[in-house]
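2 protein chains.
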Amino acid sequence: MSALAPIDRDKSLGAHVYDRLKRALMSGAFQPGQKLTVRSVAEDLQVSVTPAREGLNRLIDQGALEMPSAKTILVPVLTVAALKEVATIRRSLEGTAAELATANFGPSDIANLLSLQAELESAMNSGDYRRVLDRNESFHFGVYEKCGMPRLVGLIEAQWLRVGPSLNMLYPEFAVSRRGVSNHMRVLEGLQKRDAQAVRAAFEHDIDDGYATLSAALGKT
Amino acid sequence: MSALAPIDRDKSLGAHVYDRLKRALMSGAFQPGQKLTVRSVAEDLQVSVTPAREGLNRLIDQGALEMPSAKTILVPVLTVAALKEVATIRRSLEGTAAELATANFGPSDIANLLSLQAELESAMNSGDYRRVLDRNESFHFGVYEKCGMPRLVGLIEAQWLRVGPSLNMLYPEFAVSRRGVSNHMRVLEGLQKRDAQAVRAAFEHDIDDGYATLSAALGKT
DNA sequence: TGAAAATTTTTGTTGCATCAAATAACATCC
DNA sequence: GGATGTTATTTGATGCAACAAAAATTTTCA
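In order, the protein sequence lines correspond to chains S and Y. Here this note's numbering is used: the first residue of the first sequence is 2, the next is one more, and so on. Here this note's numbering is used: the first residue of the second sequence is 2, the next is one more, and so on.
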């Protein structure tokens, strides 16, 4: 667990632990199946066990970590069934967020997305898969956040957190899939035409493609 | 907070606290706006502050409780904006769960729902609003749980928990609305015909009706 | 009388020792 | 050798005292 560094203390330590673990999870610092312990996290982050346990429990609550038995905390290994369920939830939630966000998009917002997409493609061309994943995330949430429903966006984040670790582990196979590019293009077109249904459809398609790719990669494990 | 009684100790105390608070919230034991404290919950449930705090924080995490400042925990007062957001999320999630559940329904499952609905209507006729709410909840989750996606059902539960306290406060005005009956009827018809889209539509309609009623009642506060 | 300041009380957070249970390591036996 | 029983270690949970900050209360003063 030395993939973590000490944190600075201003607000709640438990919240800090949660944030740091979340980022570590999304950036692929932990392997699926890896065991975490309250004490090791506490030591790495230089806090006592109480806030460490709080951060871990929050992640367990939202399904970003697993506790198969009373004394073991694991980074989840994504099963095909779990992936399918997350994909189903994501389709509902992200489709809705995207649909609602469309009306709130102005030219400058679209310009921001365009530059994000450009960065994504350049990262893809240079084989920088980690940056591909990062820009992809920014693109998606750049749209969702404009729906003006923070609780909805929070739920979506929780779903991403469940797939994050496995996604990172498989990212060369995943990020190399170029179908995502055309889906994002259709998002941008829909946004420009203010066609909410088209935007929703593009995101749903993107999620379906990602699900298929990940599902196939998972089967080979 | 004397609306709570001591709990028995077998599994995790924090989990128990969470369960008890959840039930208390859904059954209307707390008023929206009411202040909760770690110590009072700990005392009522006869546990130390650590598991009490854990249970409270879990509820805060999923939005069933609020923490407007660093030292105050509140039962949320539902704003119109929050209600609208919850209704949007519920439409997505519950619509999807209902749609997916349809294929898994057999005759005995439908019979169970029918008797639940009969109990609901008899409770409504006798003016037992609390029982109306209870049977309504059982009806909804009786369908959703058959979709075979526990994570999805968990997300739905979290949404109900957000509306629960305010729902209970207003339940005479809310439960008296008879539009729910015809929506449930359409659910049952759709289930019998195995028409997933009809079932989804019926639930979405039910949620919309509930939103409208609650929204109106909320405005009068 | 009423607003501002000072004081007391309340409150969530944190660190840590302790506990019981689960896990791991090891030895034993057939 | 492999299964089984035994011991040692690790681990999450819990209770509790101490702390700093926020709230509530009281006092002060114009």
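Every residue gets a Cβ at the ideal spot worked out from N, C-alpha and C, and that includes glycine.
Give the residues of chain S in contact with Y:N137, contact being defined as C-beta atoms less than 8 Å apart. In chain order: nothing, as chain S lies at least about 22 Å away.
Using 8 Å as the threshold, is the C-beta distance between S:A98 and S:L134 below it?
Not closer than 8 Å, so no.
Could you tell me whether the Cβ atoms of Y:G143 and Y:N105 are closer together than 8 Å?
Contact: no.
*Report the three-state DSSP secondary structure of S:T80 (helix, strand or coil).*
Coil at S:T80, not helix or strand.
Task: chain S contact for Y:I74 (CB, 8 Å cutoff) - done: Cβ-Cβ to chain S under 8 Å: no for Y:I74.
**Prompt:** Is there at least one Cβ from chain S nearer than 8 Å to Y:R152's Cβ?
**Reply:** Y:R152 counts as touching chain S.
Query raised in the report: What in chain S is Cβ-close to Y:E86, meaning under 7 Å?
Result: Those within 7 Å of Y:E86 in chain S are M150, R152, L153.
_Quick check: the Cα distance between S:R91 and Y:A202, rounded to an integer number of angstroms?_
Roughly 20 Å separates the two Cα atoms.
Taking the straight line between their C-alpha atoms, what separation do you get for Y:K12 and S:K72?
In this structure, the CA atom of Y:K12 is about 13 Å from the CA atom of S:K72.
Short of 7 Å in beta carbon distance, which residues of its chain neighbour Y:P69, apart from the five on each side in sequence? Order them along the chain. The residues are L75.
Residues from the region 58–71 of chain Y in contact with chain S, defined by Cβ distance under 9 Å | Residues passing the 9 Å Cβ filter: N58, R59, D62, Q63, G64, A71.
(Q) Under 8 Å, CB to CB, which of the residues in the region 176–207 of chain S have a partner in chain Y? (A) Going along the region 176–207 of chain S in chain order, one finds no residue with a Cβ nearer than 8 Å to chain Y.
Is it the case that the Cβ atoms of S:L171 and S:L215 are separated by a distance below 8 Å?
At a Cβ-Cβ threshold of 8 Å, S:L171 and S:L215 count as neighbours.
Check: Is any beta-carbon of chain Y found at less than 8 Å from that of S:D210?
Finding: For S:D210, the closest Cβ of chain Y is not nearer than 8 Å.
When you compare the CB of S:I111 with every CB in chain Y, is at least one pair closer than 8 Å? Answer no: the Cβ-Cβ gap between S:I111 and chain Y never drops below 8 Å.
Check: Exposed or buried, which one is Y:T228 when buried takes at least 16 other CB atoms within 10 Å?
Finding: Nothing in the structure corresponds to residue 228 of chain Y, since chain Y is present only between 2 and 222.
Within chain Y, partners of S:T97 - CB distance below 7 Å
The contacting residues are T89, S93.
State yes or no: is the beta carbon of Y:L156 nearer than 8 Å to at least one beta carbon in chain S? With its beta carbon less than 8 Å from one in chain S, Y:L156 belongs to the interface.
Kindly indicate the opening and closing residues of the beta strand (DSSP E) around S:M68. Its beta strand (DSSP E) spans residues 67–70.
Fill in: For Y:V42 and S:G211, the rounded distance between their alpha carbons
So the two alpha carbons sit approximately 45 Å from each other.
Buried versus exposed call for Y:R10 [16 or more other C-beta atoms within 10 Å across all chains shown]
Reliability fails at Y:R10, whose pLDDT of 46 lies under 50, so the model's placement of it is uncertain and the value that follows must be treated cautiously. Classification of Y:R10: exposed, given that the 10 Å Cβ count is below 16.
query = When the cut-off is 8 Å and only beta carbons count, does S:E55 lie next to chain Y?
reply = Chain Y, which has a Cβ nearer than 8 Å to the Cβ of S:E55, makes this yes.
- Query: How about Y:E138 and S:N58: do their beta carbons lie closer than 8 Å?
  - Reply: No; because the gap between Cβ atoms is not below 8 Å, this pair is not in contact.
Query raised in the report: Taking all protein chains shown into account, do 16 or more other C-beta atoms lie within 10 angstroms of the C-beta of Y:G220, making it buried, or fewer, making it exposed?
Result: Around the CB of Y:G220, fewer than 16 other CB atoms lie within 10 Å, so the residue is classed as exposed.
Using the Cβ count rule (16 or more neighbours within 10 Å means buried), how would you classify S:T80? Exposed, by the Cβ-count rule.
*asked:* Let's see if you can read the secondary structure: which residues bound the beta strand (DSSP E) around Y:L75?
replied: Note, Y:L75: beta strand (DSSP E), 73–75.
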